[in-house]
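Working notes, structure below.
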Amino acid sequence: MLSRSLASLAISSSTLSALHKAGFETVADLGSLNADQLSEELNLPVFLCEEIISISKVTSTPAFLGQQTWSASFLLNNNPIIRTSCGLKCGHVLELSGPPGSPNENIMLDFVRNTVTSGNDAIFVDTQDMTTPFTLKNELKDIPGSFEAIHYIKCISLPDLMVFFHSLTSFLDQYPKTTLLVLNTLSSPFHSTSLTTASRSSLLDQIKSILAKNCALRRLSVITMVQMATKLLSENGSNASPNNAVKAIMVPQLSDSYLPSGRSYRLMLIPDTPQTGMIRLLSSPSKTVEELRKDLVQQAYELVKGRIQGRGGE
């Protein structure tokens with residue numbers, strides 16, 4: 012581990028560039044620097060330097076959330092396929108989106124199940140009053156004592172949601188066995204017509220900072236679900252108005268500005284029938300949005316007894 016390259020760490024390209032410019036090439040180069048000292052060296056925020064140091068102390072073999080089953084969810088890597096043999100890396104974020112009828116909730120509930128089965132706790136934030144405590148209890152009824160490991164929190168309004176985010180760290184202090192945060196559905200509180208673009212951007216930046224800190228320092232894994240919106244495009248692919256649009260596509264309602272850099276995956280589920288469909292990778296730490304637009308990474312899925320299974324890659 013002493014000679015491990017910093018390029019192998021799950022950090023953003025801009026952070027890696029700052030490290031290289033300051034003369035840091037390997038984990039050993041960080042030595043015994045603390046976050047404050049590294050912040051002075053790199054001219055980066057202290058919380059980001061805490062994240063760098065935390066990640067550098069993790070061995071190169073990734074830890075995974077949940078059991079290694081097809082239904083655990085989708086580990087996305089450099090291969091041109093969406094793999095389903097493992098769960099999400101600890102300390103990472105997975106965003107799920109899709110039109111009505113998409114089995115996003117099936118994937119979400121699999122993560123919850125795997126978390127409590129392994130003896131850990133999960134936070135379930137409900138912003139739509141759609142997934143009730145009864146639903147969760149019924150889903151986990153075959154796992155004795157599992158419901159006590161679920162911390163159910165209802166945040167219907169945007170102020171409630173932001174209060175939750177700003178108290179997340181203290182909540183994790185109080186419940187140290189918590190390894191999973193589920194946000195269902197993150198986009199819903201942002202529907203307010205009175206919310207300005209500037210305010211929206213500021214709030215999403217706050218969420219990004221909070222998630223980045225807790226993912227790095229607490230190894231918290233996060234599953235977010237967002238609704239879809241229609242985006243109008245002109246003939247050359249740029250944004251268009253209803254008057255000159257030639258094409259309409261479905262995109263996640265929230266931009267990726269709330270997702271921590273270097274540790275986030277975005278998946279879109281595209282159902283063909285109630286039981287089958289396609290899962291498409293929109294972005295990942297190893298592939299840019301532009302790369303994925305040129306070379307689609309997607310995989311067929313099917314629902315078997317309510318759980319998602321892959322059917323091969325494309």
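Throughout the sequence shown, residue numbering follows the numbering used here, covering 12 to 325 in sequence. By construction, the Cβ of each residue, glycine as well, lies at the ideal position given by its N, Cα and C atoms.
- Restricted to the segment 37-63, the alpha helix (DSSP H) segments that are unbroken, complete and at least 4 residues in length are 38-41 and 46-53, listed in chain order.
- Here DSSP, grouped into helix, strand and coil, assigns Met-173 to helix.
- Of all alpha-carbon atoms in Gln-286, Gln-217, Val-174 and Asp-132, the one lying nearest the alpha-carbon of Leu-231 is that of Asp-132.
- In the displayed model, Pro-285 falls within coil according to three-state DSSP, outside both helix and strand.
- About 13 Å separates the beta carbon of Val-300 from that of Glu-106, a gap too long to meet the 8 Å contact definition.
- In this structure, the beta-carbon distance from Ser-65 to Leu-228 falls below 7 Å.
- Within the same chain, and ignoring the five residues on either side of Cys-60 in sequence, the residues whose Cβ sits closer than 6 Å to its Cβ are Ala-46, Leu-49 and Ser-50.
- Sorting Ser-252, His-202 and Lys-100 by C-alpha distance to the C-alpha of Ser-295 places Lys-100 at the top.
- Secondary structure at Asn-149: helix, using DSSP grouped into helix, strand and coil.
- Judged by their CB atoms, Leu-151 and Pro-200 are not nearer to each other than the 7 Å cut-off.
- The beta carbons of Arg-277 and Leu-265 sit no closer together than 7 Å.
- Leu-183 and Ala-160 have their alpha carbons spaced roughly 13 Å apart.
- Its Cα nearest to that of Pro-253, the residue Lys-242 stands out among Val-193, Leu-215 and Lys-242.
- Taken through DSSP and simplified to helix, strand or coil, Tyr-186 comes out as coil.
- Secondary structure note for Phe-135: it is in no alpha helix (DSSP H), and the uninterrupted beta strand (DSSP E) holding it is 132-137.
- In this structure, Arg-291 sits near Gln-309, with a CB-CB distance shorter than 7 Å.
- Check the Cα spacing between Lys-224 and each of His-162, Ser-181 and Pro-110: the tightest is with Ser-181.
- In this structure, the straight-line span from the alpha carbon of Thr-207 to that of Asn-115 is close to 29 Å.
- DSSP places Leu-192 in the strand class (E or B) of the three-state scheme.
- Going by beta carbons, Ala-33 and Leu-53 fall inside the 7 Å limit.
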